[in-house]
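Numbering-wise, the sequence shown is residues 245 to 416 according to the numbering used here.
Each residue gets a CB set at the ideal place from its N, CA and C atoms; glycine is no exception.
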Amino acid sequence: RQDNSPRVFMGVDQSSVSYAIIQETFRDFANQIEIIKIEHPSRKSIRLAVQPGTKHRIVFIKADALTLDRWFLPQEVDIVYSSRFKHHLTAVQKKRIDKSLKKIGKVALEYDDYRTAFSWIPQAIAAWSRPVLLNGALLSRLRQPSKTALKKEKRAYAIRFFGIPGCYIKTL
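Below you can see the structure in the form of structure tokens.
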């Protein structure tokens, strides 16, 4: 594309740790990327944060992702996606977030891993010396859907699978 105009990326998370990681990751790009944190989101605060500027912008919204449709009008966001967290939600919460994402996004995607017989091995090796992390990593893997379960959803959603470590993108 020839369009080099500044882009706005928004991230929603309840954890301030995510904001710290964003700051660390993009520290060397301060002359190209502006980072804004919204602690108490409202439609007004978000609208102000996404106004066009001279730099690319990352807007971090500290909030519950299940409340997204409070702040955006239908089809207001070009692309909206969830990344590696839905396997922690209940079935009711998953349906709620899917409905919200489809409502506010022109395109809505889900990106996550699926459970395989061997997908737990890299995490076990990486976290072996940290039992608390090891426990969380393995339990998280067990909550992930299997490829077989996801294939059953193919009638309702477009899903693409990718090999090692075993992940997928689902168009909602």
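{"Query": "Coil, strand or helix - S327 by DSSP", "Result": "strand"}
{"Query": "Closest Cα partner of A293 within the set V351, F253, P366, A335", "Result": "F253"}
{"Query": "Meets three-Cβ-pair contact criterion under 8 angstroms: the region 319-335 and the region 266-275", "Result": "no"}
{"Query": "Beta-carbon proximity check, G410 vs T360, cutoff 8 angstroms", "Result": "yes"}
{"Query": "The region 293-313 touching the region 364-372, judged by at least three CB pairs closer than 8 angstroms", "Result": "no"}
{"Query": "Backbone CA spacing between S249 and V303 [nearest angstrom]", "Result": "17 angstroms"}
{"Query": "C-beta contact flag for I282 and I305 at 8 angstroms", "Result": "yes"}
{"Query": "Buried or exposed (CB count within 10 angstroms, at least 16 for buried), S344", "Result": "buried"}
{"Query": "Extent of the continuous beta strand (DSSP E) to which E278 belongs", "Result": "277-282"}
{"Query": "Delimiting residues of the beta strand (DSSP E) encompassing R399", "Result": "Element bounds for R399: n/a, residue is neither H nor E."}
{"Query": "E268, DSSP secondary structure in three states", "Result": "helix"}
{"Query": "With 16 other Cβ atoms within 10 Å as the buried cut-off, status of R385", "Result": "buried"}
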